[in-house]
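In short: position in the sequence shown from 1, add 2, done, that's my numbering. For every residue, glycine included, the Cβ atom is placed at its ideal position computed from N, Cα and C.
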Amino acid sequence: MKVFEINGNTLSLALFIDVTNSKELLDSMQSGKLDPEVAFLNASLIPDVFPVLAAAHKTLISKSRESLTTRTLHSELVYNYSGSKHITESLKRCGISENSSYVLAARFNASPDEMKVVENLINGKQIDLEELEGRGDQAQIQKHYKITGPELGVSTIADAITCRIAARDAL
């Protein structure tokens with residue numbers, strides 16, 4: 003687990019592999035019974051932590067303006083990471099599915115005890131966040147974000163995603 007400071011708030015991130023209870027996590031999240039509230043992202047679409055931090059920053063700005071697009075702060079993080087303006091599609095694509103085995107858990111302003119509870123919710127092996135870089139599904143990422151070969155010739159895949167996250171509302 004790693005904690006990042008963003009505009010006076012914190013974002014705690016924990017990366018898991020071999021997750022076996024995605025269906026239960028998804029059901030709890032969709033029914034609003036997940037305690038503590040947490041965002042579960044499809045980690046195979048995350049090549050680096052920086053785009054997640056960009057989405058978190060955007061989420062906190064929306065919260066400060068009282069203009070969340072989704073119902074909760076944590077679902078807003080998943081929505082903002084997606085780069086799409088379609089809420090349902092964003093949550094399905096960038097959130098976890100019933101058979102997700104590679105998951106990034108994220109919680110804003112979490113206490114150490116809350117993150118311990120989050121870690122215990124997930125039946126899987128926690129790994130270091132630095133492993134994100136080598137485990138992303140490059141083909142899926144490029145397809146989802148419509149990243150072309152020439153674009154990758156002048157920037158990284160993480161930079162391309164971050165640009166799309168930042169520019170989505172302007173397009």
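Quiz item: Thr150 lies in the alpha helix (DSSP H); which residues open and close that run?
Solution: Membership of Thr150 in any alpha helix (DSSP H) is not indicated, and neither H nor E is assigned to it by DSSP.
Quiz item: With burial defined as no fewer than 16 other Cβ atoms inside 10 Å of the residue's Cβ, what is the status of Ala186: buried or exposed?
Solution: In the structure as shown, the chain starts at 3 and stops at 173, and residue 186 therefore has no counterpart that could be examined.
Exercise. Could you check what DSSP says for Lys87 in three-state terms: helix, strand or coil?
Key: Three-state DSSP puts Lys87 in coil, outside helix and strand.
Practice problem: Name the two residues that bound the continuous beta strand (DSSP E) containing Ser14. | Solution: Where Ser14 is concerned, the enclosing beta strand (DSSP E) stretches over Asn11 to Ile19.
Exercise. Give the secondary structure of Asn44 by DSSP, where H, G and I count as helix, E and B as strand, and everything else as coil.
Key: Three-state result, Asn44: strand.
Quiz item: Between Ile163 and Tyr81, what straight-line distance do the alpha-carbon atoms span, to the nearest angstrom?
Solution: When rounded, the distance between both Cα atoms is 13 Å.
Quiz item: Which residues does DSSP pair with Leu36 in a beta bridge?
Solution: In the DSSP output, where bridge partners are listed per residue, Leu36 has none listed.
Quiz item: Where does Thr61 land, buried or exposed, given buried means 16+ other C-beta within 10 angstroms?
Solution: The Cβ neighbour count for Thr61, taken over all protein chains shown within 10 Å, is at least 16; the residue is labelled buried.
Quiz item: Can you give the Cα-Cα distance for Asn125 and Phe18, rounded to whole angstroms?
Solution: When rounded, the distance between both Cα atoms is 9 Å.
Practice problem: Report yes if the C-beta distance between Ala112 and Leu43 is below 8 Å; otherwise report no. | Solution: Not closer than 8 Å, so no.
Self-check item: Inter-stretch contact at 8 Å, needing at least 3 Cβ pairs: the stretch 57-71 / the stretch 128-147
Solution: As far as the Cβ criterion goes, the stretch 57-71 does not touch the stretch 128-147, which means the pair count is below three.
Quiz prompt | Validate contact between the stretch 26-42 and the stretch 74-88 using beta carbons, cut 8 Å, 3 pairs | solution = Counting Cβ pairs under 8 Å, three or more are found: they touch.
Exercise. Measure from the alpha carbon of Arg166 to the alpha carbon of each residue in Tyr147, Lys35, Ile48 and Pro152, then state which is nearest.
Key: Selected option, being the one with the closest Cα: Tyr147.
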